[in-house]
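**Student:**
2 protein chains.
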Amino acid sequence: MARAATTTDAFNAVAEPRRREILDLLARGERPVNDLVALLGVAQPQVSKHLRVLREVGLVDVRDNGRQRMYRLNGEPLKPIHDWVKSYERTWNERFDALDDVLDELKREDEDDGENR
Amino acid sequence: MARAATTTDAFNAVAEPRRREILDLLARGERPVNDLVALLGVAQPQVSKHLRVLREVGLVDVRDNGRQRMYRLNGEPLKPIHDWVKSYERTWNERFDALDDVLDELKREDEDDGENR
DNA sequence: TTGACATATTCCCATATAGGAATATCTTAT
DNA sequence: ATAAGATATTCCTATATGGGAATATGTCAA
Numbered sequence: 026m027a028r029a030a031t032t033t034d035a036f037n038a039v040a041e042p043r044r045r046e047i048l049d050l051l052a053r054g055e056r057p058v059n060d061l062v063a064l065l066g067v068a069q070p071q072v073s074k075h076l077r078v079l080r081e082v083g084l085v086d087v088r089d090n091g092r093q094r095m096y097r098l099n100g101e102p103l104k105p106i107h108d109w110v111k112s113y114e115r116t117w118n119e120r121f122d123a124l125d126d127v128l129d130e131l132k133r134e135d136e137d138d139g140e141n142r
Numbered sequence: 026m027a028r029a030a031t032t033t034d035a036f037n038a039v040a041e042p043r044r045r046e047i048l049d050l051l052a053r054g055e056r057p058v059n060d061l062v063a064l065l066g067v068a069q070p071q072v073s074k075h076l077r078v079l080r081e082v083g084l085v086d087v088r089d090n091g092r093q094r095m096y097r098l099n100g101e102p103l104k105p106i107h108d109w110v111k112s113y114e115r116t117w118n119e120r121f122d123a124l125d126d127v128l129d130e131l132k133r134e135d136e137d138d139g140e141n142r
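In the order they appear, the protein sequences are chains Y and B.
Counting in the numbering used here, the first sequence runs from 26 upward without gaps.
Counting in the numbering used here, the second sequence runs from 26 upward without gaps.
(1) Taking DSSP as the reference, what is the three-state secondary structure of ASN90(B)?
(2) For GLU41(B), which of ALA38(Y), PRO42(Y) and ARG43(Y) has the nearest alpha-carbon?
(3) Closer than 7 Å, CB to CB, is TYR113(Y) near chain B or not?
(4) Exposed or buried, what is ASN90(B) when buried is set at 16 or more other beta-carbons lying within 10 Å of its beta-carbon?
(5) Would VAL82(B) pass as a contact of THR32(B) if the rule is Cβ separation under 7 Å?
(6) For ALA68(B), which residues from the same chain have a beta carbon less than 6 Å from its beta carbon, with the 5 sequence-adjacent residues on both sides left out?
(7) Run through DSSP, which three-state label would ARG97(B) get?
(8) Give the straight-line distance between the Cα atoms of ARG44(Y) and ARG115(Y), rounded to the nearest whole angstrom.
(9) Pick helix, strand or coil for ARG56(Y), following the three-state DSSP scheme.
(10) Spell out whether any CB of chain B is found under 7 Å from the CB atom of GLY54(Y).
(11) Going by DSSP in three states, VAL62(B) sits in which element: helix, strand or coil?
(12) Would you kindly check if the distance between the Cβ of ILE47(Y) and the Cβ of VAL110(B) is under 7 Å?
(13) Counting only Cβ pairs nearer than 7 Å, list the residues of chain Y close to GLY149(B).
(14) Check the DSSP bridge columns for VAL85(B) and list the partner residues they point to.
(15) Can you have a look at PRO70(B) and say buried or exposed, based on whether 16 or more other CB atoms are within 10 angstroms of its CB?
(16) Would you mind telling me which residues of chain B sit closer than 7 Å to HIS75(Y), beta carbon to beta carbon, in chain order?
(17) If you draw a straight line from the alpha carbon of VAL72(B) to that of GLY54(Y), how long is it in whole angstroms?
(18) Compare the C-beta of ILE106(Y) against all C-beta atoms of chain B and say whether one is closer than 7 Å.
(19) With 16 other CB atoms within 10 Å as the buried threshold, where does ARG88(B) fall?
(20) Would you mind giving the Cβ-Cβ distance between VAL62(Y) and ARG94(Y), rounded to the nearest angstrom? I have them listed as a contact below 8 Å.
(21) Taking just the CA atoms, how far does TRP117(Y) sit from LEU50(Y)?
(22) Please confirm if ALA40(Y) has its CB atom under 7 Å from at least one CB of chain B.
(23) Just reading off the alpha helix (DSSP H) that ALA35(Y) is part of, what are its end residues?
(24) Give a yes or no on whether the C-beta atoms belonging to PRO102(B) and ALA29(B) are separated by under 7 Å.
Okay, here's the thing in structure tokens:
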């Protein structure tokens with residue numbers, strides 16, 4: 026088997042930095058394709074292709090406006106990424122260390138409790 | 026150009042679900058390869074290959090222990106993912122809507138203030 | 001030393017890019 | 001109708017998979 030398609034899920038779609046940039050721009054508000062082309066400095070066809078991937082995973086919605094197509098962010102498909110990565114926050118954030126210590130302490134007391142019965 | 030290598034960064038490494046599973050297992054503590062093989066139900070060579078990718082992006086560390094190699098999680102490379110996706114939390118979390126309303130309200134009052142001077 | 005155990009690497013293959021270039025499609029203005 | 005503008009699609013190519021199978025490497029045990 027080959028690598029999963031970029032359109033498989035948000036994880037794959039967002040692995041491409043250019044697509045993250047596009048989402049970052051759209052986070053500021055709805056925009057037509059040419060705006061993105063100008064802001065990104067990327068050829069128009071590539072932008073359209075990236076937008077297609079983002080559309081297929083539901084990260085952007087489109088609306089027709091005359092000859093322009095207005096793209097709008099839809100962050101919801103990012104939630105699984107957020108949920109997954111969130112549980113790892115403690116591994117790099119020292120702020121959790123203190124909490125971990127407390128929890129370990131409680132756990133130890135609990136075990137002592139049990140052994141004393 | 027082709028798609029970026031899976032070893033380019035954590036975004037790409039973690040786009041593969043099996044690698045996320047491996048990290049999830051290692052989050053419970055250090056483990057030798059064969060443990061992961063058994064727990065994942067995946068052929069050993071594939072596990073070793075996934076571990077190599079994870080090692081190359083720094084998501085796991087290895088330690089030799091006799092004929093086993095103990096793998097340990099290192100979550101730090103996930104921080105950029107967390108940081109990036111965190112800013113989108115408000116787009117799906119309604120809990121932020123109330124906050125947004127408050128901020129809009131404050132902003133409006135501020136603007137009114139300015140115009141009254 | 002030899003064999004068993006644990007892990008890593010290599011080879012093969014079907015598949016999917018991402019970007020560049022060219023072109024097609026759709027809409028509005030004249 | 002025709003041209004111009006905005007966007008999407010197609011074709012091409014180099015590259016990188018992920019899994020399966022076979023094999024190599026490294027280490028301990030008898």
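Glycine included, each C-beta is placed from N, C-alpha and C at the ideal position.
Owing to the predicted nature of the structure, the values given are computational and were not obtained by experimental measurement.
**Tutor:** Working from what's here:
(1) Here the question's residue 90(B) lines up with position 65 in the second sequence. ASN90(B): strand per DSSP, three-state reduction.
(2) The residue labelled residue 41(B) in the question sits at position 16 within the second sequence. For the residues ALA38(Y), PRO42(Y) and ARG43(Y), the minimum Cα distance to GLU41(B) belongs to ALA38(Y).
(3) Against the first sequence, residue 113(Y) aligns to sequence position 88. TYR113(Y) counts as touching chain B.
(4) Here residue 90(B) is taken as the residue at index 65 of the second sequence, counted from 1. Around the CB of ASN90(B), fewer than 16 other CB atoms lie within 10 Å, so the residue is classed as exposed.
(5) For the purposes of this step, residue 82(B) is taken as the residue at position 57 of the second sequence. For the purposes of this step, residue 32(B) is taken as the residue at position 7 of the second sequence. THR32(B) sits close to VAL82(B), with the two beta carbons spaced by under 7 Å.
(6) In the second sequence, residue 68(B) corresponds to position 43, counting from 1. Result list for ALA68(B): empty, nothing under 6 Å.
(7) Residue mapping note: residue 97(B) aligns to position 72 of the second sequence, counting from 1. Looking at ARG97(B) - three-state DSSP - the assignment turns out to be strand.
(8) Here residue 44(Y) corresponds to residue number 19 of the first sequence, with the count starting at 1. Here residue 115(Y) corresponds to residue number 90 of the first sequence, with the count starting at 1. Computed Cα separation, rounded: 28 Å.
(9) By one-based count along the first sequence, residue 56(Y) stands at place 31. ARG56(Y) sits in a strand when the DSSP states are folded into three classes.
(10) On the first sequence, residue 54(Y) is found 29 positions in, with the first residue counted as 1. Judged by the 7 Å Cβ criterion, GLY54(Y) is not in contact with chain B.
(11) Working through the second sequence from its first residue, we reach residue 62(B) at position 37. Looking at VAL62(B) - three-state DSSP - the assignment turns out to be helix.
(12) For the purposes of this step, residue 110(B) is taken as the residue at position 85 of the second sequence. For the purposes of this step, residue 47(Y) is taken as the residue at position 22 of the first sequence. Their beta carbons are not under 7 Å apart, which means VAL110(B) does not touch ILE47(Y) by this criterion.
(13) What the structure shows of chain B is the stretch from 26 to 142, and residue 149(B) is not part of that stretch, so it cannot be assessed.
(14) Reading the second sequence from its first residue, position 60 is the one you call residue 85(B). BP columns for VAL85(B) point to LEU98(B).
(15) Within the second sequence, the letter at position 45 stands for residue 70(B). Exposed, by the Cβ-count rule.
(16) Locating residue 75(Y) in the first sequence gives position 50, counting from the first residue. Going along chain B, no residue has its Cβ under 7 Å from HIS75(Y), so there is no contact; the nearest lies around 13 Å.
(17) Locating residue 72(B) in the second sequence gives position 47, where the first residue counts as 1. Locating residue 54(Y) in the first sequence gives position 29, where the first residue counts as 1. Each residue's Cα considered, the two are about 42 Å apart.
(18) Within the first sequence, residue 106(Y) is the residue found at index 81, counting from 1. Yes, its Cβ sits closer than 7 Å to a Cβ of chain B.
(19) As a working mapping, residue 88(B) is identified with position 63 in the second sequence. Around the Cβ of ARG88(B), a 10 Å sphere holds fewer than 16 other Cβ atoms; the residue is exposed.
(20) Residue 62(Y) sits at position 37 when you count from the first residue of the first sequence. Residue 94(Y) sits at position 69 when you count from the first residue of the first sequence. Contact flag wrong, Cβ pair sits at about 12 Å.
(21) Taking the first sequence and counting its residues from 1, the one referred to as residue 50(Y) is at position 25. Taking the first sequence and counting its residues from 1, the one referred to as residue 117(Y) is at position 92. Straight-line Cα distance between these residues: approximately 28 Å.
(22) Taking the first residue of the first sequence as position 1, residue 40(Y) is located at position 15. By this cut-off, ALA40(Y) is an interface position.
(23) Along the first sequence, one-based indexing puts residue 35(Y) at 10. 35-38 is the span of the alpha helix (DSSP H), which, as asked, contains ALA35(Y).
(24) To locate residue 102(B), count along the second sequence from 1; it is residue 77. To locate residue 29(B), count along the second sequence from 1; it is residue 4. Between PRO102(B) and ALA29(B), the C-beta gap is not smaller than 7 Å, which leaves the two residues out of contact.
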